[in-house]
Amino acid sequence: MQHPYLFFTSSALSALRAKADRPLGGEILRTLARVADERLGWEVYEPELVRPWAGYRHHAETKLNYDEEYARSYVSQYRLSMLIRNLPEMYAFAYLMLGQPAHLEAAKRWLLTPARWDKRTWGAYADSEATIDQYTALELRSLELSGGTCVGIRPHPTEERKMPVFEDTGIFTTFKLRGMATAYDWLYPHLTPEERADVAACLGYQGDRLYHHALNGNALLLGSILNHTWLDTAGLGLAGLALYYEHPTAREWVQFCRDRFVDRLLPRTIGEDGEFPEPCPYVWEYSYMSAAMFFEALRRVTGEDLLAHPAFLKVKGMLNRALTPTGGLAFDDDMMGFDRAEGVAYSFRPLMFLFASRFRDAEAQRYALYAGFDPPGAERGKFYPGGRWHPERREHNGHWEYLWSDDTVAPSDPPAESPSALLRSTGVALLRSGWSPTDAYLAFRSGPYLGHHDRFDQNKIVLQAGGEKLLEHLYGANYLHFDYFKNTPGSNTILVDGQGQERPIEGDQHTTFMRQYKGEGANGRIVHFQAGPDFDAVVGDASHAYGDRLTRFRRYVAYLKPDVFLVLDDLEAPDPATFDWLAHSYGEITIAGRDVHIRKPKAGLLMRALWPTDASWHLERTPPDSNGERLFKHLALRPAEKARSVPFLVALFVSPLDGAGVPVEVEENGERMLVSVQRGEETVALEFDLAQRTVER
């Protein structure tokens with residue numbers, strides 16, 4: 000088989016170039032050309048080796064100690080691996096479409112430089128400073144989850160000590176394999192025989208190395224269903240497809256990776272409603288986009304179509320429903336010090352173009368051409384990791400958008416009669432008034448513990464309306480004030496005596512995650528959900544999320560469309576406690592008695608505290624953010640006295656700027672809360688049944 004063949008053939012190039020004559024293709028290709036020209040000066044640096052001992056020493060209380068040296072070297076590897084997954088294929092495609100010699104030169108530089116690195120540079124990890132018996136099982140597992148696996152033991156050259164040998168068997172390698180395998184396929188006719196041999200030898204050696212370690216259980220996180228497992232499996236599989244007719248063991252890699260997806264990853268990972276179990280869309284993209292590339296190449300080489308697998312087809316519906324009016328994805332808020340979620344929703348555009356073109360899917364096309372996004376091809380992908388050591392730059396996926404787009408598919412919104420949705424496996428409810436960029440949207444989470452990237456913020460909400468984020472998460476330098484910005488205090492949920500939710504560890508984090516996801520005993524769960532054209536309701540139970548500090552925490556959200564939300568919290572503690580009802584926003588915040596006004600340029604939110612009657616609002620300073628500023632943004636509703644049980648009831652009125660809200664009356668009747676909302680000439684009566692955990696209109 001003559002390259003290229005993974006995603007198109009040489010005979011298809013004329014038709015691909017002709018897409019530039021149509022409005023959609025022309026817009027994407029013009030941006031791709033500009034981005035490619037602007038990045039011609041970027042160089043392939045040699046990354047620092049990561050010192051395994053420095054980053055993964057655990058304190059007695061099991062908190063991870065990231066030191067500055069470890070973080071810097073890890074980001075050096077991580078960033079470059081992402082650049083190599085992206086730039087060789089981007090420049091290769093730009094050259095094939097535009098024919099500019101400078102693009103060919105850049106593509107070769109990004110492809111050939113890593114292909115000619117020595118094995119130590121590819122291994123990514125420095126010699127250990129500690130003997131193998133000085134590492135705990137938890138520390139070795141933490142390293143492995145980031146790709147640094149102990150693949151052997153060697154004797155110390157002068158002392159009676161046994162030293163571990165660490166190599167990357169994960170993302171630093173498989174990111175690079177993706178970009179290099181794709182560029183090798185596309186550029187093959189434009190490489191010299193020596194250049195082809197160098198790249199093929201590198202891909203072959205690294206693929207054999209990963210495959211060997213995988214067979215021994217030391218690569219690809221075989222026991223996991225996390226994002227690293229997906230992208231590692233897809234990256235090795237794509238390299239195998241690029242060498243399918245050239246390397247003697249490549250077909251074994253492909254079969255191994257295909258079997259992992261079919262037997263484990265597709266049925267075990269994807270939720271009932273298409274969701275990915277980890278809470279950060281930053282890592283969803285690693286998984287779903289990498290898988291789609293492998294699936295498409297596998298189809299073209301073997302004929303098997305895993306893109307049409309029933310589990311994977313659910314993904315397109317989930318992404319459309321999770322897409323927020325302002326162009327994010329549900330709770331796209333996870334940060335890990337050097338990852339930022341901003342722009343991640345754009346990174347799914349190629350995948351949704353692929354779904355749209357392959358299956359003539361109007362809803363997938365709606366996502367790809369969403370009115371709240373910048374135009375197709377926009378330079379708005381996820382950030383390459385940078386931390387404090389590298390300037391922020393965005394990954395560009397215009398080549399995949401161009402390749403997979405089809406402007407003959409007409410976009411269409413999902414059904415309008417009930418736009419709200421429940422993602423059952425992860426416990427996320429999405430309440431919305433419609434599908435436009437100005438519609439109201441509330442996301443609510445009460446579900447299982449979702450592993451290493453999870454925040455401890457069950458029963459949290461975020462709220463958007465009028466094209467603005469009105470209730471949101473607070474951000475900061477995670478490693479500096481991790482417990483605040485990453486976990487409960489920075490989220491819109493509850494504090495008990497100033498403390499947040501606890502990590503639900505039973506064994507290591509991954510064991511807990513694997514037990515809770517699609518299992519029993521979750522930290523939170525949705526116990527009631529209903530959706531309709533005029534009224535939605537959801538109830539979450541997070542009674543076990545605070546350890547011994549709470550015996551009951553149920554949150555009820557009732558949505559009177561299009562602009563009134565009622566949030567009722569039923570809380571009980573074993574002893575009298577101080578409860579804080581948290582609400583965060585980067586907007587202008589003004590407290591006026593029992594009301595809080597949040598103002599942003601295009602819209603506003605009025606929050607009215609209805610219950611308890613003695614509660615008052617408090618606006619306090621956050622810890623320093625990443626710019627060293629302490630902001631008056633920590634907003635809490637707090638009862639005057641400690642109590643064992645508290646029912647909070649807060650009305651949220653979304654409106655243009657300074658809306659006044661509407662009259663709301665509250666009556667307690669045993670284990671029922673009766674609420675009347677006056678809307679014009681109509682009085683809407685709601686019943687919150689605390690015993691049955693339901694809301695009825």
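Be aware that the sequence shown starts at 0, since it is given in numbering that gives the first Met the number 0, and climbs by one per residue.
We put the CB at the ideal spot given by N, CA and C, even for glycine.
Computed from a predicted structure; not experimentally measured.
With 16 other Cβ atoms within 10 Å as the buried cut-off, status of residue i
| i | result |
| --- | --- |
| PHE631 | exposed |
| SER584 | buried |
| MET317 | buried |
| TRP109 | buried |
| TYR44 | exposed |
| GLY203 | buried |
| GLU60 | With a pLDDT of only 44 at GLU60, under the threshold of 50, the placement of this residue in the model should not be trusted; the figure read from the coordinates follows. Exposed. |
| MET81 | buried |
| GLU491 | Residue identity differs from the one stated: residue 491 is Asn in this sequence, not Glu. Its Cβ being crowded by 16 or more others within 10 Å, ASN491 is buried. |
| ASP258 | exposed |
| ALA513 | Rather than Ala, the amino acid found at residue 513 in this sequence is Met. MET513 is buried by the Cβ-count criterion. |
| ASN668 | exposed |
| GLN254 | exposed |
| TYR244 | exposed |
| THR8 | exposed |
| HIS617 | exposed |
| TRP283 | buried |
Span separating the alpha-carbon of residue i from that of residue j
| i | j | result |
| --- | --- | --- |
| HIS2 | PHE165 | 35 angstroms |
| PRO156 | GLN133 | 18 angstroms |
| GLU341 | LYS381 | 7 angstroms |
| ALA355 | LYS313 | 13 angstroms |
| PRO561 | LEU469 | 15 angstroms |
| ASP624 | HIS472 | 13 angstroms |
| ASP360 | HIS452 | 32 angstroms |
| ALA541 | LEU441 | 18 angstroms |
| GLY270 | LEU421 | 11 angstroms |
| PHE484 | TRP580 | 16 angstroms |
| GLY523 | PHE552 | 10 angstroms |
| ARG208 | VAL300 | 23 angstroms |
| VAL645 | ILE493 | 12 angstroms |
| ARG298 | VAL537 | 41 angstroms |
| LEU676 | GLU67 | Checking the sequence, you will find Val at residue 676 rather than Leu. VAL676 and GLU67: Cα-Cα distance of roughly 54 angstroms. |
| LEU306 | LYS315 | 11 angstroms |
| LEU567 | PHE652 | 15 angstroms |
| THR135 | ASN319 | 43 angstroms |
| ALA238 | GLY206 | 7 angstroms |
| PRO384 | TYR77 | 7 angstroms |
Enclosing alpha helix (DSSP H) for residue i [first to last residue]
| i | result |
| --- | --- |
| GLY707 | Residue 707 lies beyond the range of the chain shown here (0 to 696); nothing can be said about it. |
| GLU26 | 22-37 |
| MET351 | 348-358 |
| ILE170 | 170-186 |
| THR510 | 508-515 |
Backbone secondary structure at residue i - three-state DSSP
| i | result |
| --- | --- |
| GLU699 | Here the chain has residues from 0 to 696 only, and residue 699 is not among them. |
| GLN463 | strand |
| GLY206 | helix |
| GLY239 | helix |
| LEU97 | helix |
| ASP438 | coil |
| ILE590 | strand |
| ARG696 | coil |
| VAL343 | helix |
| TYR545 | coil |
| PRO646 | strand |
| LEU5 | coil |
| TYR77 | helix |
| SER682 | The amino acid occupying residue 682 in the given sequence is Thr; Ser does not appear at that position. Reduced to three states, the DSSP call for THR682 is strand. |
| ALA690 | coil |
Boundaries (first-last residue) of the beta strand (DSSP E) holding residue i
| i | result |
| --- | --- |
| HIS527 | 524-529 |
| GLU284 | Where GLU284 is concerned, there is no enclosing beta strand (DSSP E), although the alpha helix (DSSP H) it sits in stretches over 280-301. |
| TYR555 | 551-559 |
| GLY603 | 603-610 |
| GLN637 | In the sequence on display, residue 637 carries Arg and not Gln. Segment 631-637, the beta strand (DSSP E) holding ARG637. |
Test: residue i CB closer than 7 angstroms to a CB of chain B
| i | result |
| --- | --- |
| GLY523 | Of the protein chains in this structure there is only one, and it is not chain B. |
The segment 457-477 touching the segment 283-295, judged by at least three CB pairs closer than 8 angstroms: no
Segment contact, 8 angstroms Cβ cut-off, at least three pairs: the segment 182-197 with the segment 88-104: yes
The segment 509-528 contacting the segment 605-621, beta-carbon criterion three pairs below 8 angstroms: no
Stretch-stretch touch, CB-based, cutoff 8 angstroms, three pairs: the segment 138-153 with the segment 212-221: yes
Contact the segment 429-446 vs the segment 374-394: 3+ CB pairs below 8 angstroms: no
The segment 494-502 touching the segment 656-666, judged by at least three CB pairs closer than 8 angstroms: no
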